[in-house]
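If you're matching positions, the sequence shown starts at 21 in our numbering and goes up one per residue.
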Amino acid sequence: MKQEYPIFKLPEFSLNPIYLDDVLQSILNTIFMHRALGTITVNYVKGDKLQKLTHARYKLGDFKFQQIRCGDPKVESEINHIINKAKQHQGNFQISLKFSEDQPSKFFSMIKPKPKVFEEWLLTFKLSDKDQDKTTQDLQNMITKILEMVNSNYDHFDEQFTQPSDKPLKYPFEIQFIK
């Protein structure tokens, strides 16, 4: 069956397992924050292991930033679940993050809408003995790549900004750990 939605495959990210929490939190929250169309609560968080990265604030023209999280409890729970799976796996892995829209039934308004995937992100991770400076640099490059992809690929989904303030993620999502 032909895919009817774009798949954004990010470059493989090689990292030391001790930086797993900070890297996954940063990458996944960046994607979520740029696909959340409602009001979000930004939580600034110091990275546990990558302090060089998370102590600095973002400056225009100079890529330094503080790690941020979108503050949605469901997102945080799902990300933590994926991090725990990655820690238990102890090997190379992939993460799939899919966003969907509810497609209303054409015939019956009482039938629950069927979600239709409109976008997928594929992230590949390779565990290695990379040092903190290289991991920080690679993470900055990955965040830049995500921002470039998000900013140049937004015409494939419905951009209606009518979200209630208590539900920042308009689109249902599915996050999967792939061995």
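Note that CB positions come from ideal geometry on N, CA and C, so glycine has one too.
Is residue i buried or exposed, if buried means 16 or more other CB atoms sit within 10 Å of its CB?
| i | result |
| --- | --- |
| residue 110 | exposed |
| residue 50 | buried |
| residue 7 | The chain is shown only over 21 to 199; residue 7 falls outside these bounds and no answer can be derived. |
| residue 168 | exposed |
| residue 59 | Any reading at residue 59 must be qualified, since the residue scores a pLDDT of 44, below 50, and its modelled position is unreliable; the value itself is stated next. Exposed, by the Cβ-count rule. |
| residue 29 | exposed |
| residue 45 | buried |
| residue 139 | buried |
| residue 191 | buried |
| residue 118 | buried |
| residue 82 | Summary for residue 82: the model assigns pLDDT 41, below 50, so the residue's position carries little reliability; its value from the coordinates is reported in the next sentence. The residue in question, residue 82, is exposed, as its Cβ has fewer than 16 Cβ neighbours within 10 Å. |
| residue 38 | exposed |
If you compare alpha carbons, which of the options is closest to residue i?
| i | options | result |
| --- | --- | --- |
| residue 147 | 95, 112, 168 | 112 |
| residue 133 | 120, 141, 142, 171 | 120 |
| residue 36 | 24, 155, 162, 23 | 155 |
| residue 151 | 137, 27, 34, 23 | 34 |
| residue 26 | 94, 116, 149 | 116 |
| residue 42 | 172, 173, 158 | 158 |
| residue 52 | 162, 96, 149 | 96 |
| residue 166 | 23, 24, 47 | 47 |
Could you name the residues that DSSP lists as bridge partners for residue i?
| i | result |
| --- | --- |
| residue 114 | 144, 198 |
| residue 27 | 140 |
| residue 133 | None, per the DSSP bridge assignment. |
Which whole-angstrom value is the C-beta distance of residue i and residue j, which I expect to be below 8 Å?
| i | j | result |
| --- | --- | --- |
| residue 114 | residue 142 | 6 Å |
| residue 102 | residue 195 | 6 Å |
| residue 40 | residue 105 | 11 Å between Cβ atoms; not a contact. |
| residue 144 | residue 32 | 4 Å |
| residue 135 | residue 122 | 6 Å |
| residue 54 | residue 170 | 4 Å |
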